[in-house]
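Counting with the numbering used here, you get residues 5 to 80 for the letters of the sequence shown. First up is the structure itself, then whatever we jot down about it.
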Amino acid sequence: MIRTIISLPREIKVWLDDYSKKNNRPTAETIREALMLYKKKVDAETKDVLKISHGLWKSKKADASKYIESIRDEWK
């Protein structure tokens, strides 16, 4: 496992220490678990966006490549 140092506001550090003590576990373990849960949430949201957006152009009669080029031309 790789060790890292993070900076936290005092109230978050106090809360983490209290929460960890109440649950009889090291603070580092609490942080690891929270980050793993956050990663799962972000990964699931990414998959949801891909699922929702899949096939958006299927019903369009426009050529997606031409549309993208027209948008890029607006930037010039």
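Backbone N, C-alpha and C fix where the C-beta goes; we use that ideal spot for every residue, glycine too.
How long is the line joining the alpha carbons of residue i and residue j, rounded to whole angstroms?
i, j, result
"E33", "E49", "24 Å"
"M40", "D47", "10 Å"
"K17", "K55", "37 Å"
"K65", "G59", "13 Å"
"A38", "D77", "44 Å"
Please name the residue, chosen from the options, that lies closest to residue i on a Cα-to-Cα basis.
i, options, result
"S6", "K62, N28, R36 and D67", "One point to set straight first is that residue 6 is Ile, not Ser, in the sequence displayed. Residue R36 is the option with its Cα nearest to I6."
"I9", "K26, K70, T31 and K25", "T31"
Less than 9 Å between the beta carbons of residue i and residue j, yes or no?
i, j, result
"A68", "W79", "no"
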